[in-house]
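Numbering (UniProt numbering), first residue to last: 1 to 386. Don't be surprised by glycine CBs; every beta carbon is placed ideally from N, CA and C. Just so we're clear, the structure is a prediction, and the values are computed from it rather than from any experiment. Take a look at the structure below.
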Ligand SMILES: NC(=O)c1ccc[n+]([C@@H]2O[C@H](COP(=O)([O-])OP(=O)(O)OC[C@H]3O[C@@H](n4cnc5c(N)ncnc54)[C@H](O)[C@@H]3O)[C@@H](O)[C@H]2O)c1
């Protein structure tokens, strides 16, 4: 018997928005999810216009998320939305997620999960109390070769992990004139972005990727954040030293002022037997290097790869898959998790490989501790000679 499509509502992602359109493509890709309702903008007219442009029933193009939850909750179970995708600026993630859960809807939110660690912990309590599902779109965990790296480390191919280096550098905020875009203006405003711009926007992805692939947890950090462009109150660049729960160390580098860099996300993990290297600019390749041996280039779709990797691929080798498909893998896994939930099966995020509230809380802890650490000078030694 064919399964009914999972019904989705979207909050944010109106005209001119960036990530909302990507989420909609990702949700559609495997045919398991249907967008049926939305409140796409803070502007009531744009809300309706976007919904109608997307071909939604006009009765389900709501003028605000408040109306959406109130009205959708009144619909019969077989009609109302199953889950809500949150793609607004950061300050709305928590209030929207809270309200969605309290009205009985599962949530798939973009990151960072909330504006503060306290909010993330409150969210965790609400999820537990409501007994509903929560996913967080840490996009990069959706790449097939990232899953391959994770599984190879889990199988012990690298031996004991000694060092993790993760970099996420972009150049799109390199000059003050770059601040005029819709996306830049709220990211540099602490009331909408939170206490960090660069670390909250991309550093948190890098930290999540390092933990997801290595299977380790960051236990301590020492950060040096910068406001490179004059007049900014939030960081646009930073470096963080990391310590992991197995005693290994690492470095996390994030920047939005690295002129010429696109979305240059790169991860290198070194064990006592071998190392792995993955880069978003070549996402279908994974380098495996054993000590004193020729490097091995693993390619998506070629040879024997882990089942999780194969399941995350849609095309034969050499037909490139990328960002949209990685996003779609999170959506499809979340849809499968909702189906299992509906059948009363155990449906943990870990079982379905969907980043969830654990990652949400860890991400907010990362951001808060990075900012707090950077504000202290205690680790710094002035170079005094003589
Ligand atoms: N996972 C990823 O790879 C990734 C990539 C980019 C952005 N993001 C995250 O996605 C979120 C959105 O980023 P963006 O770049 O798309 O921003 P954006 O400014 O392009 O879009 C935000 C949208 O939210 C809408 N909005 C604002 N207030 C609203 C309200 N009260 N009700 C309904 N809609 C409202 C805006 O009108 C706009 O359409 C951010 O939290 C960001 O961190 C994640």
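Inset, instruction - With hydrogens ignored, establish whether the beta-carbon of residue 399 is closer than 8 angstroms to any heavy atom of ligand 1. - result: Past the edges of the chain, shown from 1 to 386, lies residue 399, and the structure says nothing about it.
Legend entry - Contact under 9 angstroms by Cβ, residue 135 with residue 109: yes
Legend entry - Pair within 9 angstroms by beta-carbon distance, residue 353 and residue 148: no
Inset, instruction - Kindly examine ligand 1 and report whether one of its heavy atoms sits closer than 8 angstroms to the Cβ of residue 344. - result: no
Inset, instruction - Please confirm whether residue 242 and residue 220 have their CB atoms less than 9 angstroms apart. - result: yes
Inset, instruction - Look up residue 274 in the DSSP assignment and say whether it is helix, strand or coil. - result: strand
Legend entry - Three-state secondary structure assigned by DSSP to residue 219: strand
Legend entry - Within 9 angstroms, strictly: CB atoms of residue 295 and residue 288: yes
Inset, instruction - Would you decide whether residue 193 is buried or exposed? Buried here means 16 or more other CB atoms lie within 10 Å of its CB. - result: buried
Legend entry - Short Cβ contact (9 angstroms threshold) for residue 199 with residue 254: yes
Inset, instruction - Confirm the yes/no value for this check: CB of residue 137, any heavy atom of ligand 1, distance under 8 angstroms. - result: yes
Inset, instruction - Return yes when at least one heavy atom of ligand 1 lies under 8 angstroms from the C-beta of residue 61, else no. - result: no
Inset, instruction - Would you check whether ligand 1 has a heavy atom nearer than 8 angstroms to the C-beta of residue 81? - result: no
Inset, instruction - Label residue 321 either buried or exposed according to how many other C-beta atoms from any shown protein chain fall within 10 Å of its C-beta, with 16 as the threshold for buried. - result: buried
Inset, instruction - For residue 169, write down the residues that DSSP places opposite it in a beta bridge. - result: 255, 264
Inset, instruction - Report whether the distance from the Cβ of residue 183 to the nearest heavy atom of ligand 1 is below 8 angstroms. - result: yes
Inset, instruction - Indicate, with yes or no, if ligand 1 has a heavy atom lying under 8 angstroms from the CB of residue 172. - result: no
Inset, instruction - Compare the beta carbon distance of residue 10 and residue 39 with 9 angstroms and say whether it is the shorter of the two. - result: yes
Inset, instruction - Report the rounded CA-to-CA distance for residue 177 versus residue 185, giving the unit in angstroms. - result: 11 angstroms
Inset, instruction - Confirm the yes/no value for this check: CB of residue 47, any heavy atom of ligand 1, distance under 8 angstroms. - result: yes
Inset, instruction - Per DSSP, which residues does residue 163 bridge with? Please list them. - result: 249, 270
Inset, instruction - Tell me residue 244's beta-bridge partners as DSSP assigns them. - result: 218
Inset, instruction - Check each candidate in 245, 366, 303, 223 and name the one with the smallest Cα separation from residue 378. - result: 223
Legend entry - residue 256 versus 127, 207, 187, residue with shortest Cα-Cα distance: 187
Legend entry - For residue 245 and residue 328, the rounded distance between their alpha carbons: 31 angstroms
Inset, instruction - Run the proximity test for residue 363: is its beta-carbon closer than 8 angstroms to any non-hydrogen atom belonging to ligand 1? - result: no
Inset, instruction - Alpha carbon to alpha carbon, how far is residue 214 from residue 12? Give it in angstroms, no decimals. - result: 33 angstroms
Inset, instruction - Decide if residue 366 is buried, meaning its Cβ has at least 16 other Cβ atoms within 10 Å, or exposed. - result: buried
Legend entry - Three or more C-beta pairs below 8 angstroms linking the stretch 166 to 183 and the stretch 259 to 266: yes
Inset, instruction - Report buried or exposed for residue 119, applying the criterion of at least 16 other Cβ atoms within 10 angstroms of its Cβ. - result: buried
Inset, instruction - Please state whether DSSP places residue 32 in a helix, a strand or coil. - result: coil
Inset, instruction - Please name the residue in 249, 92, 77 whose C-alpha comes closest to that of residue 342. - result: 77
Inset, instruction - Report the three-state DSSP secondary structure of residue 239 (helix, strand or coil). - result: strand
Legend entry - Buried or exposed (CB count within 10 angstroms, at least 16 for buried), residue 316: exposed
Legend entry - residue 376, buried or exposed, once every other Cβ within 10 Å from all chains shown has been counted against 16: exposed
Legend entry - Near ligand 1: residue 87 beta-carbon under 8 angstroms from a heavy atom: yes
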